[in-house]
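Top line first, the protein sequences correspond to chains A and B. Its first residue numbered 6, the first sequence is counted upward by one per residue in the numbering used here. Its first residue numbered 29, the second sequence is counted upward by one per residue in the numbering used here. A short worksheet on the structure shown next.
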Amino acid sequence: MISSDEIVAITQNVMGTMFELCPMTDESHTELLEGAEAFTGCVQISGQWKGAVVLQGTPELAKIIAANFFELTADEVTEADIRDSVAELTNMVGGNIKGQVPAPSYLSIPSVTTGSDFSFHLAGASVVSEVVVTCEGQLMRIRLCEADQGQA
Amino acid sequence: MKVLVVDDSGVMRKIIIRSLNAVGVIDIVEAGDGQEAFSLFKSESFDLVLTDWNMPVRNGLELVTDIRSTGSKVPIMMVTTEAQKTQVITAIQAGVTDYLTKPFENDTLRKKLDKYVSVS
């Protein structure tokens, strides 16, 4: 199974290469993501290995990710810019994690949820690895979920 | 030189278009999935196709198969997170000319694009 260190390395590689950001591991403020407004990017993996990769972070980080890419200020980015950027970040992190699980496995199209007053639940799956990173002073959590035995 | 850029992500299309612009290519057509791309391909002439693999409606591999079924020899570059050796082989067997895995450095993409721009 892929380790937390590998998940961090993949996230750093993707965010550094494509978004010019440098996330660092930070396990000290995970409670700040609980119940707060956040973005959630999710991509599912099916095939020999079944599960999902879920990214959750602050709306401020989502704006920074989009702004860095589109060369705008955080105030200038639109909701569409944010959704598109988070979707691609999720796709790339998920795709690179998929490369570490048993083949053949297949990646779904990423989904993105933004806003507040929602909860995210992946039915029939359990978190098998979780890391929290800080980037530009903002938090992001990456969870690797594996389908429970018996789940299709 | 006219290039067809296919990706469901506007972010990725923009990254690729930036790199194309940097090597002097400005005649670019965008599509958000393989089905839209193939419709465009049948109605216009392209010198290069850059496509993602994982897309809704019709994916990049299906697009490659569709394009090759017309007898076209247009260069097709797959730009994707799919990095497993078996998938690269599958893509090449389907008719992909070149392959680039995400994430990638802009310079890496530009160097690959240079190869096609310089021969067009």
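Heads up, the beta-carbon is just placed ideally off N, CA and C, and yes, glycines get one too.
Boundaries of the beta strand (DSSP E) in which residue i is found, first to last residue
i	result
D126 of chain B	D126 to T129
G123 of chain B	No beta strand (DSSP E) contains G123 of chain B, which DSSP labels as neither H nor E.
Q61 of chain A	G56 to G62
T79 of chain B	L76 to T79
D55 of chain B	D55 to A59
CB-CB length for residue i against residue j, believed under 8 Å
i	j	result
A59 of chain B	L68 of chain B	6 Å
V39 of chain B	S8 of chain A	Not really, about 28 Å apart at Cβ, beyond 8 Å.
A72 of chain A	V82 of chain A	5 Å
K30 of chain B	S73 of chain B	7 Å
I104 of chain B	V124 of chain B	5 Å
L32 of chain B	V53 of chain B	So it is not a contact: roughly 11 Å between Cβ atoms.
F66 of chain B	I43 of chain B	Not quite, the Cβ-Cβ distance comes to about 23 Å (not below 8 Å), so this is no contact.
T78 of chain A	L144 of chain A	Wrong, their Cβ atoms sit about 21 Å apart, outside the cutoff.
V102 of chain B	L141 of chain B	Not a contact, Cβ separation roughly 15 Å.
Range covered by the alpha helix (DSSP H) that runs through residue i
i	result
G100 of chain A	E84 to K103
K30 of chain B	Careful: K30 of chain B lies outside any alpha helix (DSSP H), inside the beta strand (DSSP E) at K30 to V34.
G52 of chain A	Run containing G52 of chain A: none in the alpha helix (DSSP H); it sits in the beta strand (DSSP E), F44 to G52.
F24 of chain A	S9 to F24
S71 of chain B	G62 to S71
M51 of chain B	The residue you asked about is not Met; residue 51 of chain B is Val in the sequence shown. Careful: V51 of chain B lies outside any alpha helix (DSSP H) and carries neither H nor E.
Sequence-distant residues of the same chain with beta carbon closer than 8 Å to residue i, five excluded per side
i	result
R46 of chain B	N134
V19 of chain A	L94, M97, V98 and N101
E135 of chain A	S9, R146, I147, R148 and L149
F24 of chain A	I70, N73, F74, S90 and L94
Own chain, CB closer than 6 Å to residue i, minus 5 neighbours either side, in chain order
i	result
F125 of chain A	T45
K103 of chain A	I50, S110 and L112
T119 of chain A	F44
R41 of chain B	V33, D35 and E58
K68 of chain A	A79 and V82
Closest Cα partner of residue i within the set the options
i	options	result
S37 of chain B	B:N87, B:D126, B:K101 and B:T114	B:N87
E3 of chain A	A:D10, A:G56, A:T139 and A:L149	Any property of residue 3 of chain A remains undetermined from this structure, which presents chain A solely from 6 to 157.
E32 of chain A	A:F24, A:V13, A:E42 and A:S110	A:V13
S113 of chain A	B:D75, B:I117 and B:E110	B:E110
S116 of chain A	A:A152, A:I87, A:V106 and A:D122	A:I87
G129 of chain A	A:A85, A:S110, A:K55 and A:I147	A:K55
V106 of chain A	A:T22, A:T78, A:L149 and A:T119	A:L149
A119 of chain B	B:K143, B:L78 and B:V85	B:L78
T136 of chain B	B:V33, B:V34, B:L32 and B:V51	B:V51
L89 of chain B	B:Q121, B:D55, B:I43 and B:K139	B:Q121
Q154 of chain A	A:A85, A:G142 and A:Q53	A:Q53
Own chain residues within Cβ distance below 7 Å of residue i, not counting five before or after
i	result
S121 of chain A	E42
V116 of chain B	Y127
T16 of chain A	P28, V98, V138 and I147
K130 of chain B	V107, T108 and T109
L91 of chain B	V34, G62, A65, F66 and T79
A152 of chain A	K55, G56, G129 and A130
R138 of chain B	S47, A50 and V51
Would you mind listing the beta strand (DSSP E) stretches within the region 106-148 of chain A that are 3+ residues and don't spill past its ends, in chain order? 110-112, 116-118 and 130-140
Return the chain-ordered ranges of every beta strand (DSSP E) run that is complete within the region 83-109 of chain B and spans a minimum of 3 residues. 104-108
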